[in-house]
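A.B. asks:
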Amino acid sequence: MTSPSNATLPLVIQGGMGIGVSSWSLARAVASRGQLGVVSGTCIDSLFVRRLQDGDAGGHLRRAMEAFPIPDAVTHVMETYFLPEGRDEGEPYKLLPMWKQNVSRSRELVTMLSSFAEVYLAREGHDGDVGINLLTKVQLPNLATLYGAMLAGVDYVLMGAGIPREIPGALDAFARHEPATLRFEVEGLSRGRSEELSFVPADHWEAGTPPEIDRPRFLPIVSTHSLARILTRKANGRIDGFVVEAPTAGGHNAPPRGKLSTNERGEPVYGGRDEVDFSEMQALELPFWLAGGAGSPEGLKHALENGAAGIQVGTLFAYARESGLDPELRQRTLAGVKAGEVEIYTDLRASPTGFPFKVVEMEGTNSQTDLYEERGRICDLGYLRTAYERDDGRIGYRCPAEPVKLYAKKGGAIEATRGRKCLCNALMADVGHGQLREEGPERPILTSGDDLMAVERFLQGRESYGAEDVLDYLLSGIESGWEDQVGSPHPAAANVT
36 MTSPSNATLP LVIQGGMGIG VSSWSLARAV ASRGQLGVVS GTCIDSLFVR RLQDGDAGGH
96 LRRAMEAFPI PDAVTHVMET YFLPEGRDEG EPYKLLPMWK QNVSRSRELV TMLSSFAEVY
156 LAREGHDGDV GINLLTKVQL PNLATLYGAM LAGVDYVLMG AGIPREIPGA LDAFARHEPA
216 TLRFEVEGLS RGRSEELSFV PADHWEAGTP PEIDRPRFLP IVSTHSLARI LTRKANGRID
276 GFVVEAPTAG GHNAPPRGKL STNERGEPVY GGRDEVDFSE MQALELPFWL AGGAGSPEGL
336 KHALENGAAG IQVGTLFAYA RESGLDPELR QRTLAGVKAG EVEIYTDLRA SPTGFPFKVV
396 EMEGTNSQTD LYEERGRICD LGYLRTAYER DDGRIGYRCP AEPVKLYAKK GGAIEATRGR
456 KCLCNALMAD VGHGQLREEG PERPILTSGD DLMAVERFLQ GRESYGAEDV LDYLLSGIES
516 GWEDQVGSPH PAAANVT
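As structure tokens, this is what we get:
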């Protein structure tokens, strides 16, 4: 692997939008152009087995699995989940067991295999760089997901929605096929008690020798320069740069710093304390990329002028043909954009994580409260569950989007359930793999950044656009004096050791 000190840094990082919106096909299209393509690792294992149950159109997953270095895992997954003709009409998806602190070897393997396949396909046919994006908040599957991605040769790991200070050490350990641990966040732990999550690569190599793998570069996603500074001091290993995300970005946002205030729509109001000090970022002497409202030639030039290595862009790529969005949902959204009928709402209550979450307000989706309330509460994917200490000292799991009585029985406050929505299932529906319920299929809930309306520029005289159109647009402002930035190491990269 090229050392970070000599690495060519991308001008554009394609955002890691889950679940499955940042698909391998989108990441491959971006990486083929010399920019950083990113796959989403969030819930990738559940998405993987649903794709298999839908027949693996094109045989892509099966092609990737042929390269997985633990054949027994492939045999088990194929026998358990693959349906050559796809599911029968009206048949719900078979579910994976939900993640918990300790899971079986086979549960770890299907997660490793799923991230391996996604990265493998994204890296196929070119020599560009590919990254994987994970949420720090979704702790339980992260170690197995990272190890599987590293087996496929992932070049970058990007993580936000929390403070991922233990991830660099885990990447170092995995590059040597050694065990890694993370402190397990458990609510209400007794004084003096601590819990951890662990992953032991050797558990999976009883019948063979693991291949040599490289340590990917690590880019935490932060909302402030102060958090970046904390991570440079307290991370347990090498950080290779940062993505600095403004609150205009899609998906989960960091809450405003200080006392919460809202506008007339009930959305959080961000102020001066939430703005990034570029001089502070430059002082860290690590490359950084700006995200959230930066997706334009002017945004790229602004970033470079302020010492950034480039920009991260999500929303413009999310609606490109190569993304994982369900084609019908994509076209409905683009039609709404052209008609001026789409709005973005930053919902303080929707996400079970407690983070503000940007929602595209559209008819027929779970953005409509009355429609969502028709859905019976159920938590059967469980990625956003919170661990807690039970009265008997054991670890339990609860989600404020699960049935209210069940949540309260587990010691959760009923107030925490108000306005919460099941994002795991709704986001799976966004990519055409929603579960079938008695009352009908799961409805989607779209998330986008505030610049969703900017995709209209790609729709002049046509109904769709591709990732190449987005890259041509973003890089079109590289003028004399800026073209040297393209394909060149950022000056700060020399300080990455």
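Everything in the sequence shown is counted per the working numbering, starting at 36 for the first residue and increasing by one. Cβ atoms here follow ideal geometry from the backbone N, Cα and C, with glycine treated the same way.
Take the Cβ of residue 502 as the centre, count every other Cβ of all protein chains shown within 10 Å, and call the residue buried at 16 or more, exposed below.
C.D. replies: buried
A.B. asks: Where are the alpha helix (DSSP H) runs, 4 residues long or more, that stay fully inside the stretch 88–116, in chain order?
C.D. replies: 95–100, 106–116
A.B. asks: To the nearest angstrom, report how far apart residue 55 and residue 166 are at their CA atoms.
C.D. replies: 14 angstroms
A.B. asks: Report the residue ranges of all beta strand (DSSP E) runs contained in full by the stretch 201–234; include only those spanning at least 3 residues, in chain order.
C.D. replies: 215–218, 231–234
A.B. asks: Helix or strand or just coil, what does DSSP make of residue 169?
C.D. replies: strand
A.B. asks: What ranges does the alpha helix (DSSP H) occupy inside the stretch 335–421, keeping only unbroken runs of at least 4 residues that lie completely in it?
C.D. replies: 350–353, 362–373, 404–409
A.B. asks: Which residue wins for smallest C-alpha separation from residue 35, given the options 409, 312, 135?
C.D. replies: A query on residue 35 cannot be resolved here, the shown segment of the chain reaching from 36 to 532 and no further.
A.B. asks: Give the straight-line distance between the Cα atoms of residue 223 and residue 429, rounded to the nearest whole angstrom.
C.D. replies: Between residue 223 and residue 429, the C-alpha separation is close to 11 angstroms.
A.B. asks: Is the CB-CB distance between residue 184 and residue 251 below 9 angstroms?
C.D. replies: yes
A.B. asks: Under 8 angstroms Cβ to Cβ from residue 82, same chain only, skipping five residues before and after it: list those, please.
C.D. replies: 54, 55, 149, 463, 466, 468
A.B. asks: Residue 280 bridges to which residues according to DSSP?
C.D. replies: Residue 280 is bridged by DSSP to 326.
A.B. asks: Check the C-beta distance from residue 328 over to residue 281 and give it rounded, since I have them as a contact under 8 angstroms.
C.D. replies: At roughly 6 angstroms, the Cβ-Cβ gap stays under 8 angstroms, so residue 328 and residue 281 are in contact.
A.B. asks: Could you check where the alpha helix (DSSP H) with residue 493 kicks off and where it finishes?
C.D. replies: Segment: none, residue 493 is in no alpha helix (DSSP H) and carries neither H nor E.
A.B. asks: Using a Cβ-Cβ cut-off of 7 angstroms (strictly less than) and excluding sequence neighbours within five positions of residue 384, which residues of its own chain qualify?
C.D. replies: 453, 454, 455
A.B. asks: Near residue 547, which residues of its chain fall below 8 angstroms by C-beta distance, leaving aside the five closest residues on each side in sequence?
C.D. replies: Here the chain has residues from 36 to 532 only, and residue 547 is not among them.
A.B. asks: Answer with buried or exposed for residue 43, where buried requires no fewer than 16 other C-beta atoms within 10 angstroms of its C-beta.
C.D. replies: In this structure residue 43 is exposed. Its beta-carbon is surrounded by fewer than 16 other beta-carbon atoms within 10 angstroms.
A.B. asks: In the DSSP assignment, find the unbroken beta strand (DSSP E) run with residue 533 in it and report its ends.
C.D. replies: Outside the shown range of the chain (36 to 532) lies residue 533, about which nothing can therefore be said.
A.B. asks: At what residues does the alpha helix (DSSP H) containing residue 442 begin and finish?
C.D. replies: 439–444
A.B. asks: Where DSSP assigns a beta bridge to residue 257, which residues make up the other side?
C.D. replies: 279
A.B. asks: Who does residue 194 pair with in a DSSP beta bridge?
C.D. replies: Residue 194 is bridged to 169, 255.
A.B. asks: Taking the straight line between their C-alpha atoms, what separation do you get for residue 265 and residue 359?
C.D. replies: 35 angstroms
A.B. asks: Would you check if the distance between the CB atom of residue 79 and the CB atom of residue 153 is smaller than 9 angstroms?
C.D. replies: yes
A.B. asks: Helix or strand or just coil, what does DSSP make of residue 49?
C.D. replies: strand
A.B. asks: Skipping 5 residues on each side, what residues in its chain have a beta carbon closer than 6 angstroms to that of residue 70?
C.D. replies: 45, 47
A.B. asks: For the putative contact between residue 484 and residue 297, defined by C-beta atoms under 8 angstroms, what is the C-beta separation to the nearest angstrom?
C.D. replies: Not quite, the Cβ-Cβ distance comes to about 19 angstroms (not below 8 angstroms), so this is no contact.
A.B. asks: With distances taken Cα to Cα, identify the nearest neighbour of residue 476 among 419, 425, 496, 399.
C.D. replies: The shortest Cα separation from residue 476 among 419, 425, 496, 399 belongs to 399.
A.B. asks: Mind checking residue 86: buried by the 16 CB within 10 Å criterion, or exposed?
C.D. replies: buried
A.B. asks: With a threshold of 8 angstroms on Cβ separation, who are the neighbours of residue 164 within its own chain once the five nearest residues in sequence on each side are excluded?
C.D. replies: Excluding sequence neighbours, residue 164 sits near 45, 66, 71, 72, 190, 191.
A.B. asks: Look at the alpha carbon of residue 322 and the alpha carbon of residue 103, and state the distance between them as a whole number of angstroms.
C.D. replies: 33 angstroms
A.B. asks: Here's a check: name, in chain order, each residue in its chain whose Cβ is nearer than 6 angstroms to the Cβ of residue 204, leaving out the five neighbours to either side.
C.D. replies: 271, 272
A.B. asks: For the 8 angstroms Cβ check, are there 3 or more pairs between the stretch 111–122 and the stretch 154–163?
C.D. replies: Here the stretch 111–122 makes no contact with the stretch 154–163; the two share fewer than three CB pairs at distances below 8 angstroms.
A.B. asks: Hey, could you find the ends of the alpha helix (DSSP H) residue 15 is sitting in?
C.D. replies: Nothing about residue 15 can be read from this structure; the chain reaches only from 36 to 532.
A.B. asks: Please classify residue 129 as buried or exposed, where buried requires at least 16 other C-beta atoms within 10 Å of its C-beta.
C.D. replies: exposed
A.B. asks: On a Cα-Cα basis, can you pick out the residue from 246, 279, 253, 242 that is closest to residue 260?
C.D. replies: 279
A.B. asks: Sorted by chain position, which residues of the same chain lie with C-beta nearer than 7 angstroms to residue 341's C-beta, five sequence neighbours on each side aside?
C.D. replies: Within the same chain, and ignoring the five residues on either side of residue 341 in sequence, the residues whose Cβ sits closer than 7 angstroms to its Cβ are 313.
A.B. asks: For the candidate residues 371, 372, 364, 417, whose alpha-carbon lies nearest to that of residue 386?
C.D. replies: Comparing alpha carbon positions, the residue from 371, 372, 364, 417 closest to residue 386 is 417.
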